[in-house]
Ligand SMILES: Cc1cc2nc3c(=O)[nH]c(=O)nc-3n(C[C@H](O)[C@H](O)[C@H](O)COP(=O)(O)O)c2cc1C
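Residue numbers (our numbering): 20 to 267.
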């Protein structure tokens, strides 16, 4: 595409370049996808208020988010498997966020490691953590986030049970992709993705797709207190929810 003018152009490029299973992963929801449609419809309703006959010099969207100066009140939400959307996806996204001046949140379900992202950025990024039963895993990952100088812990509370995502099941979503005939046929048209992916360090690693068990009942959170599993985090926290997209 010679000239990119809007998000829809980027989406068309993205669809053309990315294997179907990863495109569908990002562009669909669970079960009937009602929440996915509702979220998109909510964004469609947002309008910018027009102001006329006012002095527009020196206007700025700069503000602070949990004490950090940001170019606009936006943070990149955690998105699992960004590193399968394109080679080194998490690193690329973190660098783009840094360049623009907004925070990047690294998902627990990332392909690039906390250390890799830290090594390729200069600004601290945020780290997202699921509430999990395996406290040793949580302790270890919090230690890594602290060592990598992450400036906030974003706790995701709404994944006690995985919603069934029909397209992921049908596509046989896995990272790296299993080389079935339909996947191979799809990859043949996404050769650029494949070549770039082969160059990454993460692609050479076998990615463990098994998550330690989520805590089905996080009682400490329900009582509004930090879960004991995050007792070792001393910096700011925010609570994320995929339903309302809130980071507070
Ligand atoms: C493809 C995809 C992957 C996501 N992965 C994660 C994740 O790994 N961790 C997490 O806490 N939230 C994850 N989310 C939820 C988002 O971070 C965000 O909370 C949600 O999309 C709502 O934000 P929005 O209102 O800006 O769309 C994911 C969302 C999408 C669409």
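C-beta: ideal position from N, C-alpha, C; glycine also.
What do you reckon, is the C-beta of residue i under 7 Å from a heavy atom of ligand 1?
i	result
residue 175	yes
residue 98	yes
residue 45	yes
residue 127	yes
residue 168	no
residue 190	no
residue 147	yes
residue 58	yes
Hey, out of the options, whose CA is closest to residue i's CA?
i	options	result
residue 185	33, 20, 48	48
residue 161	81, 253, 135, 54	253
residue 102	130, 41, 59	130
residue 155	250, 45, 145, 64	250
residue 166	148, 139, 57, 133	133
Are the Cβ atoms of residue i and residue j separated by less than 8 Å?
i	j	result
residue 170	residue 143	yes
residue 84	residue 109	no
residue 207	residue 168	no
residue 141	residue 117	yes
residue 122	residue 98	no
residue 42	residue 33	yes
Does residue i come out as helix, strand or coil in the three-state DSSP assignment?
i	result
residue 237	With a pLDDT of only 40 at residue 237, under 50, the local geometry of the prediction cannot be trusted, and the value read off the model is given with reservation. If DSSP states are grouped into helix, strand and coil, residue 237 belongs with coil.
residue 60	helix
residue 144	coil
residue 249	helix
residue 197	coil
residue 54	helix
residue 163	helix
residue 242	Because residue 242 sits at a pLDDT of 37, beneath the cut-off of 50, its placement in the model cannot be relied upon, and the point is left open.
residue 33	helix
residue 214	helix
residue 115	helix
residue 134	helix
In the DSSP assignment, what are the bridge partners of residue i?
i	result
residue 171	145
residue 84	87
residue 123	95
residue 256	172
Are the C-beta of residue i and some C-beta of chain B separated by less than 8 Å?
i	result
residue 55	The structure shown contains no chain B, having only a single protein chain.
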